[in-house]
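The structure appears right after this line, and notes come after that.
Protein chains: 2
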Amino acid sequence: MTEVEKQTEDRIFESATEIFMEKGMDGARMKDIANHAGINKALLHYYYRTKEHLFEAVFEKMAAVVFSRFTPVFDENATLEEKIRFFFREHISFLQKNPRLPAFILNEINRNPDRMKKLLQRFSINEVWDNLERLHHDELIRYNITREMMPQLMTSIAAISIFPFAAKGILEVLFEKSGYDYNDYLEKRKDFAADFVIRAIKGPDHGRNEKEQPLEKPSLHKGDLLVKAQQTSGNKGKRKNI
Amino acid sequence: MTEVEKQTEDRIFESATEIFMEKGMDGARMKDIANHAGINKALLHYYYRTKEHLFEAVFEKMAAVVFSRFTPVFDENATLEEKIRFFFREHISFLQKNPRLPAFILNEINRNPDRMKKLLQRFSINEVWDNLERLHHDELIRYNITREMMPQLMTSIAAISIFPFAAKGILEVLFEKSGYDYNDYLEKRKDFAADFVIRAIKGPDHGRNEKEQPLEKPSLHKGDLLVKAQQTSGNKGKRKNI
DNA sequence: CATACTTTTGACCATTCGGTTAAACCATAT
DNA sequence: ATATGGTTTAACCGAATGGTCAAAAGTATG
Numbered sequence: 000m001t002e003v004e005k006q007t008e009d010r011i012f013e014s015a016t017e018i019f020m021e022k023g024m025d026g027a028r029m030k031d032i033a034n035h036a037g038i039n040k041a042l043l044h045y046y047y048r049t050k051e052h053l054f055e056a057v058f059e060k061m062a063a064v065v066f067s068r069f070t071p072v073f074d075e076n077a078t079l080e081e082k083i084r085f086f087f088r089e090h091i092s093f094l095q096k097n098p099r100l101p102a103f104i105l106n107e108i109n110r111n112p113d114r115m116k117k118l119l120q121r122f123s124i125n126e127v128w129d130n131l132e133r134l135h136h137d138e139l140i141r142y143n144i145t146r147e148m149m150p151q152l153m154t155s156i157a158a159i160s161i162f163p164f165a166a167k168g169i170l171e172v173l174f175e176k177s178g179y180d181y182n183d184y185l186e187k188r189k190d191f192a193a194d195f196v197i198r199a200i201k202g203p204d205h206g207r208n209e210k211e212q213p214l215e216k217p218s219l220h221k222g223d224l225l226v227k228a229q230q231t232s233g234n235k236g237k238r239k240n241i
Numbered sequence: 000m001t002e003v004e005k006q007t008e009d010r011i012f013e014s015a016t017e018i019f020m021e022k023g024m025d026g027a028r029m030k031d032i033a034n035h036a037g038i039n040k041a042l043l044h045y046y047y048r049t050k051e052h053l054f055e056a057v058f059e060k061m062a063a064v065v066f067s068r069f070t071p072v073f074d075e076n077a078t079l080e081e082k083i084r085f086f087f088r089e090h091i092s093f094l095q096k097n098p099r100l101p102a103f104i105l106n107e108i109n110r111n112p113d114r115m116k117k118l119l120q121r122f123s124i125n126e127v128w129d130n131l132e133r134l135h136h137d138e139l140i141r142y143n144i145t146r147e148m149m150p151q152l153m154t155s156i157a158a159i160s161i162f163p164f165a166a167k168g169i170l171e172v173l174f175e176k177s178g179y180d181y182n183d184y185l186e187k188r189k190d191f192a193a194d195f196v197i198r199a200i201k202g203p204d205h206g207r208n209e210k211e212q213p214l215e216k217p218s219l220h221k222g223d224l225l226v227k228a229q230q231t232s233g234n235k236g237k238r239k240n241i
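Top line first, the protein sequences correspond to chains P and B.
Under numbering that gives the first Met the number 0, the first residue of the first sequence is numbered 0, with each subsequent residue one higher.
Under numbering that gives the first Met the number 0, the first residue of the second sequence is numbered 0, with each subsequent residue one higher.
Structure below.
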């Protein structure tokens, strides 16, 4: 009973995720989701009252997954340079397993900005800045990174990691025409991106106080920094949301 | 007659552009486009047989505009560094005037990959690589940029310029919460992005043959490089496409 | 004015969509 | 076995959608 219930509910959620990710909110059909889950269409409305509710559930879960991959890297103890390397390695690897995520989030945010506004209410961006300034005070000074250029730096890092997936459809075609392999490109990007950003930070005319050598370099292992995406669990009980 | 015809046809196209850009192919309603253009719904089908045809026309025009802003910078005579600066200045300025373009293209490409495949058939990416290698042979060697890392470099540049607009919805909210202004961020990004990329290219452990000074530095003026987006003209005659 | 043509419209159509309902189903507790 | 409660279904509904059509309106030419 609870077993079966959980099964169908999960099957609905997973099917909805798949369909919504592929077609988007507007393009997805409730019928298709039901068929994909192998159930009657009415059952969708039994668990999630409306299409909007079902979509909201999927979107929030996906957004949570995305953001949980962004923040934790900033909290740990390691060199800024090491963190950058670690971030690109882990983040690109993560997106390789979820290549549709960036386009999905970017698209739906653009389609309904209020959703993001509501969702980001909880997220404290200032904490990120503060942590960065606290944990990497010396490095930021050495590299001449002021607080007002943090958004520039952060969005550049995010862009370099996310864009190859958001623009996957273009790049695959473009690369194929000139003999490059998209997957190979992604694999190499993990290191390239890190080198690129680190060079940009330390580069000439920028890291003016650079004479001093890096103080310590605690080695980082996969899994040290990232936490699992917290399961949004899903409200139990018969129906979801209002 | 021809005057009026052109008027309505253009009004349809412009209205369609606006609605499609905001809602996407799936979210847009023919009724809304007709209302926005101040005409009868049937008239849409008179000029463009189907929604698909109308969308195709809009999409191809927008894609042409986007790509026309990407390539010409590579053809001219200037330092690689100067070209990078010029590109970011012009490209970000262009996107400031068309902020919805990136999300629109990225989204619809993802939604219908075949469209891109068809559209990029004409576009010769190899010419871009060849031109780059020919015009900047010395610089590429000096900066240690191999042909196989060109895609990495190019996509990074594109990413840094495009992402702030594709993710506008997120960034605006995030910035507001921490006291940054989005428009100010964009303005500053024109220089930051250029500095960032140039530092990354010339940075330590990379530009090994860097002792030699830049050979010449022809100054670049706005308008030197960019060509107008070639008008896709629009087939005359009563109806478009099949 | 009469003719011939294109442009524009209001009414209409078939289909599809998200959503509802009442009844059937099924597992458990009494 | 039967009453109880959640679960699942087939059938149905009204609204909206993309699209059609025949007639009206407009315009140029004789």
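Virtual Cβ for every residue (Gly too), placed ideally from N, Cα, C.
Please name the residue in P/R141, P/A166 and P/M148 whose C-alpha comes closest to that of B/R242.
Residue numbering for chain B in the displayed model covers 0 to 241; residue 242 of chain B lies beyond these limits and cannot be assessed.
Output, in chain order, the set of chain P residues within a Cβ distance shorter than 9 Å of B/R88.
Neighbours of B/R88 on chain P: none; closest Cβ ~15 Å, over 9 Å.
By how many angstroms is the C-alpha of B/T16 removed from the C-alpha of B/M153?
29 Å
Between the beta-carbon of B/D31 and the beta-carbon of B/I18, is there less than 8 Å?
yes
Kindly indicate which three-state DSSP category P/Q120 falls into: helix, strand or coil?
Note: P/Q120 maps to coil in three-state DSSP.
Any beta carbon from chain P within less than 8 Å of B/T154's own beta carbon?
yes
Can you give, in chain order, each stretch of the alpha helix (DSSP H) that sits fully within the segment 116-165 of chain B and has at least 4 residues?
124-134, 136-141 and 149-165
So which residues of chain B does P/M115 contact, with C-beta pairs closer than 8 Å?
Think of a sphere of 8 Å around the beta carbon of P/M115: the chain B residues whose beta carbon falls inside it are G168, I169 and V172, in chain order.
Excluding sequence positions up to five away, which residues of its chain have a Cβ less than 7 Å from the Cβ of P/H90?
R68 and S160
At least one CB of chain P closer than 8 Å to the CB of B/K187: is that the case?
yes
When you compare each of P/S155, P/F195 and P/N182 to B/R188 by their alpha carbons, which one comes out closest?
The candidate whose alpha carbon is nearest that of B/R188 is P/S155.
Rounding to the nearest angstrom, what Cα-Cα distance links P/F164 and B/I104 in this structure?
14 Å
Can you find a C-beta in chain B that's less than 8 Å from the C-beta of P/N125?
yes
Name, going along the chain, the residues of the segment 91-120 of chain B whose beta-carbon falls closer than 7 Å to a beta-carbon of chain P.
A102, L105, N106, I108, N109, R110, P112, M115, K116 and L119
Anything in the segment 11-32 of chain B with a Cβ closer than 7 Å to a Cβ of chain P? List those residues in chain order, please.
Listed by position along the chain: G23, D25 and G26.
Should P/M29 and P/E107 be called a contact, given that it needs their Cβ atoms to be closer than 8 Å?
no
Determine the burial state of B/S14: buried for a count of at least 16 other Cβ atoms within 10 Å of its Cβ, exposed for fewer.
buried
With P/F191 and B/Q151 assumed to form a contact (beta carbons below 8 Å), what rounded beta-carbon distance in angstroms separates them?
5 Å
Spatial neighbours of B/Q120 within its chain, please: C-beta separation below 7 Å, excluding the five flanking residues on both sides.
none
So what's P/A77 in DSSP terms, helix, strand or just coil?
It is coil, neither helix nor strand.
Closest by CA to P/E138, which one among P/E51, P/G26, P/T78 and P/Y47?
P/T78
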